[in-house]
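Start counting at 1 in the sequence shown, then tack on 68, and there's your number in the numbering used here.
No residue lacks a Cβ here, since even glycine has one placed at the ideal position from N, Cα and C.
Report on the following structure.
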Amino acid sequence: MMSAFLTARSALALALAVGGALLVASAAVSAADAPVATPAVTPAGTPPVTPPVTPAVTPPALSAADRFAVFTSASAAAAIARTTASGRVGIYAAAPTRDRIVKSRAMGDYRIRVAVPLAPPPAEGYPVVYVLDGDDYFEPGVALASHLIRTSNGSMTPGIIVGVGYPGDSRRSYDYLPASAVSPDIERRPDGRPMIDDVYGGADGFLDFLDKELKPLMQASYRIDPQRQALYGHSYGGLLAVHALFTRPEMFQTYLLSSPSLGWNGRYVLSEEPGFNAKVKAGTHRIAAVVTVGEYEQALSPEQLRAPDAAERAARASRRRSVDSDRDLSARLDALAPDRLRSRFRMFPGEVHGSVALPAFAYGLPTAFAAQH
Numbered sequence: 069m070m071s072a073f074l075t076a077r078s079a080l081a082l083a084l085a086v087g088g089a090l091l092v093a094s095a096a097v098s099a100a101d102a103p104v105a106t107p108a109v110t111p112a113g114t115p116p117v118t119p120p121v122t123p124a125v126t127p128p129a130l131s132a133a134d135r136f137a138v139f140t141s142a143s144a145a146a147a148i149a150r151t152t153a154s155g156r157v158g159i160y161a162a163a164p165t166r167d168r169i170v171k172s173r174a175m176g177d178y179r180i181r182v183a184v185p186l187a188p189p190p191a192e193g194y195p196v197v198y199v200l201d202g203d204d205y206f207e208p209g210v211a212l213a214s215h216l217i218r219t220s221n222g223s224m225t226p227g228i229i230v231g232v233g234y235p236g237d238s239r240r241s242y243d244y245l246p247a248s249a250v251s252p253d254i255e256r257r258p259d260g261r262p263m264i265d266d267v268y269g270g271a272d273g274f275l276d277f278l279d280k281e282l283k284p285l286m287q288a289s290y291r292i293d294p295q296r297q298a299l300y301g302h303s304y305g306g307l308l309a310v311h312a313l314f315t316r317p318e319m320f321q322t323y324l325l326s327s328p329s330l331g332w333n334g335r336y337v338l339s340e341e342p343g344f345n346a347k348v349k350a351g352t353h354r355i356a357a358v359v360t361v362g363e364y365e366q367a368l369s370p371e372q373l374r375a376p377d378a379a380e381r382a383a384r385a386s387r388r389r390s391v392d393s394d395r396d397l398s399a400r401l402d403a404l405a406p407d408r409l410r411s412r413f414r415m416f417p418g419e420v421h422g423s424v425a426l427p428a429f430a431y432g433l434p435t436a437f438a439a440q441h
């Protein structure tokens, strides 16, 4: 499911890396499950046949440079493969998922998966990150988090990862997009029809579910630091995270905004920014934001240029100005209240909209899980 979003280069790396991990894991399982051989009976005077000895598979060593390697999709895939192949328990249990269906009072059913560190929580509790589109990003996110924390030299605190997904079909368009009238400035298709989803407008109901149902459930189940809670979202999930930041800034302390769809519905979400600015200037809540985007979100990648509709897609990317818009958003956030609100921006070379999601998570997580000294 996730690999459908990768560039050709990243998809190949992911296939090779995960394939290698599966081969190593398969070999280990086969050796462990193989029946004990019974010695064959040979005629008198015939020397017994000695079976060949299969050399043991040695897990690859992790170098100090690995901690920097996760900032591209290809190396993120390799990090996931190394975690799987090495058999190291590391930060999270070998089977870390606590999987449950949570029934919201108003928003339907959600599949909630939770990864809890093996180490006991700090006195104030674990930091936590809520991962939107959990069906796609929870499992690779846990593998990346384990790799990053293990190689951080103590600069990161092990934290809880909560994946928010669906037991059946996704409802992300409804859940992640705010209620709003169709903008006169909305982007339109070549035939003149507005480019807007058939079903949308449930964002505030979904944020109520996160804030009033899911977060209390997690806090009742695990020792969580209420002052170290983060939200990660990519694309429409990133747009929801911006909407949450602008309308409910106190809901989280860290916002990881991966390629937020700021252009949706005539840039509606940016109309909420003035109200947010006033809240921040009048308040005391401390916020950290990390805004990320792929290089080929404002222009086409070499692979995309070969597509039959390349001219139309290039024009659309140029109109949306995703890289410039995300950079400008981060700059405005960082300048608003430097004593209480800090924002960092990163553009990932060589990445397209879909492939940048995991590098963005890896880049933002050290902010969410930074060690407290």
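- Counting only unbroken stretches of 4 or more residues, the alpha helix (DSSP H) elements lying wholly within the region 358-390 are 378-388, in sequence order.
- When C-alpha distances from V199 are compared across S423, A439 and L433, the shortest belongs to L433.
- Boundaries of the alpha helix (DSSP H) around D203: G202 to R218.
- If you draw a straight line from the Cα of V348 to the Cα of P317, it is about 8 Å long.
- Note on M263: under 16 other CB atoms within 10 angstroms of its CB, so exposed under the neighbour-count rule.
- Membership of T435 in the alpha helix (DSSP H) is indicated by the continuous run A425 to A436.
- If you draw a straight line from the Cα of A428 to the Cα of A346, it comes to about 29 Å.
- Of the residues assessed, N221 falls on the exposed side of the cut-off, its CB having fewer than 16 other CB atoms within 10 angstroms.
- The Cβ-Cβ distance between F413 and P195 does not fall below 8 Å.
- Rounded to whole angstroms, the gap between the alpha carbons of A249 and H311 is 16 Å.
- G306 carries a helical assignment under DSSP once its states are collapsed to helix, strand and coil.
- The beta carbons of D272 and A247 sit closer together than 8 Å.
- Assigned with DSSP and collapsed to three states, R291 falls in coil, not helix or strand.
- Counting other Cβ atoms within 10 Å of its Cβ, V267 stays below 16 and is therefore classed as exposed.
- Scanning the region 225-251 from its first residue to its last, the whole alpha helix (DSSP H) runs of 4-plus residues come out as 240-244.
- For G351 and L299, the gap between their C-alpha atoms comes out near 20 Å.
- Rounded to whole angstroms, the gap between the alpha carbons of S303 and H421 is 8 Å.
- The Cβ atoms of Y234 and D253 lie no closer than 8 Å to each other.
- Contact between F274 and M175 is confirmed by a C-beta separation of about 6 Å, below the 8 Å threshold.
- Taking 8 Å as the cut-off, the Cβ atoms of A183 and Y205 do not count as close.
- Inter-residue distance for S326 and R296 is about 19 Å (C-alpha atoms, whole angstroms).
- Put simply, the backbone Cα of W332 is about 19 Å away from that of S238.
- DSSP, reduced to helix, strand and coil, places P185 within a strand of the structure shown.
- Under DSSP, the beta-bridge partners assigned to D167 are R181.
- Annotation for V199: the continuous beta strand (DSSP E) segment containing it runs Y194 to V199.
- In this chain, the alpha helix (DSSP H) harbouring R335 covers W332 to R335.
- Counted as a single uninterrupted DSSP element, the alpha helix (DSSP H) harbouring G343 occupies residues E341 to A350.
- The residue from A356, T225, G260 and G270 with its alpha-carbon nearest to that of L404 is A356.
- Across the set G231, R335, E340 and R173, the C-alpha of R173 shows the shortest separation from the C-alpha of E281.
- The residue among S241, R261, M286 and L397 with its C-alpha nearest the C-alpha of R168 is M286.
- If you draw a straight line from the Cα of T315 to the Cα of G418, it is about 33 Å long.
- DSSP, reduced to helix, strand and coil, places P406 outside both helices and strands of the structure shown, so it counts as coil.
- CA-to-CA, the gap between R240 and G305 works out to about 8 Å.
- When secondary structure is reduced to three states using DSSP, S327 falls in the coil class, being assigned neither helix nor strand.
- Per DSSP, the beta-bridge partners of G301 are L325.
- Closest option to K171, judged by alpha-carbon separation, among L278, V359 and L373: L278.
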